[in-house]
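Those protein sequences? They're chains A, B and C, same order as listed.
One point on numbering: in my numbering, the residue at position 217 of the first sequence is 217, and numbering is uninterrupted.
One point on numbering: in my numbering, the residue at position 180 of the second sequence is 586, and numbering is uninterrupted.
One point on numbering: in my numbering, the residue at position 192 of the third sequence is 886, and numbering is uninterrupted.
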Amino acid sequence: MSLNRRELLGGAAALGTAAMLPKAVMAAGTIQLGSILDTSGIFDAYGKPMDQAMRLAVKEINDAGGLLGKQVEVAAYDTQSDMALYSQYAQQLTRQDRVDVVHGGILSASREAIRQTMRKTKTLYFYNVQYEGGVCDRNLFATGVTPAQQVEVLVPYAMKKSGPKVHILAADYNYGQITARWIQKFVEDNGGEVVATDFFPLDVSDFGSTITKVQQTAPDLIVAPLVGGAHLSFFRQWAAAGMKDKIPLASTTMGVGNEHKVLTPEEGNGIMVAYNYSQELETAANTTFKEKWQAEYGDTTAIHELAVSTYQGIMLWAEGVRKAGSVERDAVIEALETGISIDGPAGKVTIDPQTHHATVDVHIMEFDNQGMTVIETLPQRAPIDTQAVCDLQTNPDDNTQYEIEI
Amino acid sequence: MDLSFVILIEMLYAVASLVLISAGLAVVFGMMKVINLAHGEFMMMGGYATITAVGLGVNVFVAMLVIAPIVVGLIGLIVERLVIRHLYGRLVDTMLATWGLSLVFIGIATMIFGNTTTGISTPIPGFAVGDYQINGYNFFIIVVSIALVIAMFAVLRGTRAGLIARGTMQRSDMAAALGYSPDRIYMMTFFCGSALSGLAGAVLAPLVGLVPTSGGAYIAKAFITVIAGGPSLIAGLVSSATSFGLVSQIFTFAISPVIGEVALLIAAVILLRMMPQGITGRFFKGKM
Amino acid sequence: MGRSASQDVLITLVVSAVLIWVMPLLISTYTLTVLVIYGMLGLSLGLIWGFGGILCFGQAAFFGLGAYTYAIAAINIGESTVPMILAVLVPAVFATLLGAMMFYGRLTDVYLGVITLVVTLILFKFVNSTAGPQYVIGKARLGGFNGIPGFQTLNVPGDPDAYVWGDPFFYVCAVALVIVFLLVTWLLRSSFGRIAVGIRENEVRMGLMGYDVAARKTVLFAVGAAIAGLAGALFANWGEIVTPNLFSLGQSAEIIIWCIVGGLGTRLGPIVGAAGLAYLKFMLGQQSMVDNTLITGLILVLFVLFLPRGLVPAIASVLSSIFGRTKRRPNASRTRRARHG
């Protein structure tokens, strides 16, 4: 597309409007899937495997004969970890490329930057990332896991293994703040007590003083929804101070970007997490998925939770299209709202018609030698946090991100 | 009692790490009046050099203290020959060119090492002080920093090479007239500065997760420390690192790490407003 | 300047009218809008750096401040006229205070750079850590890292339901840029502008001649901030979300790069540099062959090494040598001086 336009740049200005033609002509025979992800810049550790997963899913659909007898074609844009480019490419995808569906967005800020554009242009939008929950928008499907789904199972397990006094160390942004509140709720529901909560902006990487402070509050357990490369330092400095075997750690985020492969076994072993996916899941679906990934990219180490979410999101959409017999937005939404489910690498994923979020299997896991060993699988956990505030069946025009009061 | 000892160590560590991350920049700026905005990326490359060397089976201390400085020093040498030497005397142009270089290095590192966070674990175990556990590696950083400052002082004051270097920085035309090539001296100075950056990156690598963009976290702090230090190389470095390190740690312990960082920045603004030429522009004039 | 003022205005108007007519045929207006906004942002730094010799590492602070002021005011007021005005005023007042502190303290050179850099960092860190529910201004949550979405966007003054968006918004931005450009031209032609250039060339001499150097620099600094603030407000309208990234060092860096590539000491250079590089970045996002950071970095290094005066002066001198006209040639040493201010 860009090449077409660039060639035309040299031509007569009057031809400019014609630049949109080739795409329209091309679109007739295929289904257009738009993808918008950070595949370079600081968030590319998340975005690159997601991009690979997206391409893998589309390839699989096409190899199996496409959708409704048509091939699916990808229009992918790299937002370079720059929020301004999200708005720009969202316009490009919806107004010029006129895609049939958009999958993408990583950070919540990026989702909010493009969500209204998708809504205004009536382009179906899939946000396939673990996030803080609460978005209520009929045009959007969020297929990632939300805090309550994880915390509800993780906190009782971790408290049973350690004790009732909990210290929360959370990333200081929307996700961390909301997750911290859910942790507090479930700690108290299970008869425990939160002794302190500390928030850290995403660029903090020196946790020396924090480690001293934690020792002053002397908790039985630390729950640490910390996010990103800088926060990884906490786990390393925690181990370096010799604290690892004294106070156990649990996290809702550690490992989402494959961070556990960076920590040595001495630093990571025993950290408790709860996710939808782990490479160590021993299911037939996961084995086949890893084989397909291996065949395509040669190396499966990059697969992570968000990549699998993306893969599952695309498969859910494809299932919706098959059921609707059309790529038309309203038909696909109605088809998805019948509670469609697929069997993905991480287990069964079902669309929750009330919230347009996903009901997923959640696995309690512990880090073991740079892998995540599954301790317990809790099948089909509903997105109870978003369900508490959002009902698209009775209020289909809703268009807010609720902050869930607990 | 135990707590105050732990806090004292944390403060010393904060000062030491500021000295460490600023030393390379200070040498290049103090001696050559070149601000190397790729400094953070030099540190990042030092970290990657260490991790790669350790992966190849080299002892971690050898990798940190020998291999990383040499590798990064050589990269610095190439950069100096290709880019920096054309820009001497043009302060702002060198800043812009090195800024561009920092982006280039990030791009190259991303292409080689990929984007996922990597790292090595700390080679020194933690130990107990009364009821508290403390990170043993902090002591290592404090020791390295002290050794570094002493070594810099000894080289600049005590050796003939240091004398020639200082002379060239003051009057390059006189040095040239005496038969020393300023070109080569600048080259060597830049090599040493880069090596110091590489060393800092290597020594800090076990504490943090490393990504190609890690350098960005250091450059602002290093830049502020060096400029606030003023024209005298060693006295400036030590005095400004001490003031900023103490201020930020006091606020970190009293309130939170974020307030600590903001306090550091506000201290820098106040300091520069009161002493527009940096600390040593006001005191220690003409010393090193 | 060789041309008379009215000639200058006429040429500007004709050229910009043609561009506003032709460009939407080549590039989608949505992308063009942001190029125009970046152009304005580039111009704001080009003014204070290229003509006032003030190297500001924190131009993004004013850009972000404008955008946040607009977003917060728009949420509280629900109509866009007053927020637009506030978005220009708040950065200008902030810059006046900051400028007065710096220039009356006789800070120059890199020290100036450090202060502006540090102030940007403080703003960035502050806004970044406002995710908690306690950070509220009126009805507006500051939102921390995730920023503020969902505020009232530009509307026809007095009628909050008549949104200006899409193509009309592009024309609003383009006309705003032309007006700002003409105002800058006028400012530079006035005695204030000539004295500002004088200060850039030799601060001591202008001081000895009796001009209040600090006051004049402060005013120029504030004007630059006001323009950046306006660009920020327009950007907030364009993106419909504001995030702390607007304050980031990366954003500041980009503005400086635009000025260098476009050409410092010219009015047109920063605009061309901004629009050109932003478009390049947009195009690069559509390929995945080479890492985009690498390309941006290489461009900057190559420009500093081989074309330190920037594109616009270089093209101007090529043109004048082709057409053999004795146009005013930007003096190389002069441009260089400007950078070291």
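Ideal Cβ placement from N, Cα and C applies to all residues, glycine included.
- With contacts defined by Cβ atoms closer than 9 angstroms, C:Ile-954 and C:Gly-1004 form a contacting pair.
- For the C-beta of B:Gly-453, not a single chain A residue is nearer than 8 angstroms; the gap to the nearest is close to 12 angstroms.
- Counting along the chain, the unbroken alpha helix (DSSP H) around B:Ala-503 starts and ends at 497-519.
- Of all C-beta pairs linking the segment 285-298 of chain A to the segment 359-374 of chain A, fewer than three are shorter than 8 angstroms, placing the two stretches out of contact.
- By the neighbour-count definition (other C-beta atoms within 10 Å, threshold 16), A:Ala-218 is an exposed residue.
- Bounds of any alpha helix (DSSP H) do not take in A:Asp-198; it lies within the beta strand (DSSP E) bounded by 193-200.
- Between the alpha carbons of B:Gly-452 and B:Ala-623 lies a gap of roughly 15 angstroms.
- The three-state secondary structure of A:Thr-123, taken from DSSP, is coil.
- Taking 8 angstroms as the Cβ-Cβ cut-off, the segment 809-836 of chain C approaches chain A at Lys-819, Asn-822, Ser-823, Ala-825, Gly-826 and Pro-827, given in chain order.
- Using a Cβ-Cβ cut-off of 9 angstroms, A:Thr-117 counts as an interface residue toward chain C, since at least one Cβ of chain C sits closer than that to its own.
- The Cβ-Cβ distance between C:Gly-923 and C:Thr-814 does not fall below 9 angstroms.
- In the DSSP assignment, A:Glu-73 falls within the unbroken beta strand (DSSP E) covering 71-78.
- A direct Cα-Cα distance of roughly 15 angstroms separates A:Val-327 from A:Met-118.
- The DSSP-derived three-state label of C:Asn-840 is helix.
- The C-beta separation of A:Ala-109 from C:Asn-986 comes to about 20 angstroms, leaving the pair out of contact by the 8 angstroms criterion.
- Under the three-state reduction of DSSP, B:Asn-465 is assigned to coil, being neither helix nor strand.
- Inter-segment contact for the segment 662-680 of chain B and the segment 707-714 of chain C is absent: fewer than three beta-carbon pairs are separated by less than 8 angstroms.
- Against A:Leu-85, the close residues of chain C are Lys-975, Phe-976 and Gly-979, in the order they occur along the chain (beta-carbon pairs closer than 8 angstroms).
- Spanning the alpha carbons of A:Glu-267 and B:Ala-553 requires a straight line of approximately 29 angstroms.
- In its chain, beyond the 5 residues on either side, Leu-871, Ile-965, Ala-968 and Ala-969 have a beta carbon closer than 7 angstroms to the beta carbon of C:Gly-733.
- For A:Leu-169, the beta-bridge partners assigned by DSSP are A:Asp-198.
- Boundaries of the alpha helix (DSSP H) harbouring A:His-231: 228-240, taken from the DSSP string.
- By the beta-carbon neighbour count (other beta carbons within 10 angstroms, threshold 16), C:Gly-926 is buried.
- Take the alpha-carbon of A:Ile-222 and the one of A:Pro-248: they are about 6 angstroms apart.
- Residues of the segment 528-545 of chain B whose Cβ lies closer than 9 angstroms to any Cβ of chain A, in chain order: Thr-528, Ile-530, Pro-531, Gly-532, Phe-533, Ala-534, Asp-537, Tyr-538, Gln-539, Ile-540, Asn-541, Gly-542, Tyr-543 and Asn-544.
- The beta carbons of B:Arg-572 and B:Met-437 sit closer together than 9 angstroms.
- Residues of chain C whose Cβ lies closer than 9 angstroms to the Cβ of B:Ser-508 are, in chain order, Gly-991.
- Under the Cβ distance rule, A:Arg-95 counts among the residues neighbouring chain C, one pair being separated by less than 9 angstroms.
- Proximity to A:Lys-122 across A:Ala-302, A:Met-243 and A:Ile-114 peaks at A:Ile-114, based on C-alpha coordinates.
- By alpha-carbon distance to B:Met-450, the top candidate from B:Thr-574, B:Pro-612 and B:Pro-618 is B:Pro-618.
- Taking 9 angstroms as the cut-off, the beta carbon of A:Gly-208 is found closer than this to the beta carbon of B:Asn-544.
- DSSP, reduced to helix, strand and coil, places C:Gly-959 outside both helices and strands of the structure shown, so it counts as coil.
- Looking at the DSSP output, B:Leu-616 bridges to B:Thr-524.
- Contact between A:Gly-133 and A:Pro-383 holds: CB atoms are separated by about 7 angstroms, below the 8 angstroms threshold.
- When the five nearest sequence neighbours on each side are left out, the beta carbons in the same chain lying within less than 6 angstroms of the beta carbon of C:Leu-737 are those of Pro-964 and Ile-965, in order along the chain.
- Scanning its chain for C-beta atoms nearer than 6 angstroms, with the 5 sequence neighbours on each side dropped, one finds around A:Lys-323 the residues Ala-335, in chain order.
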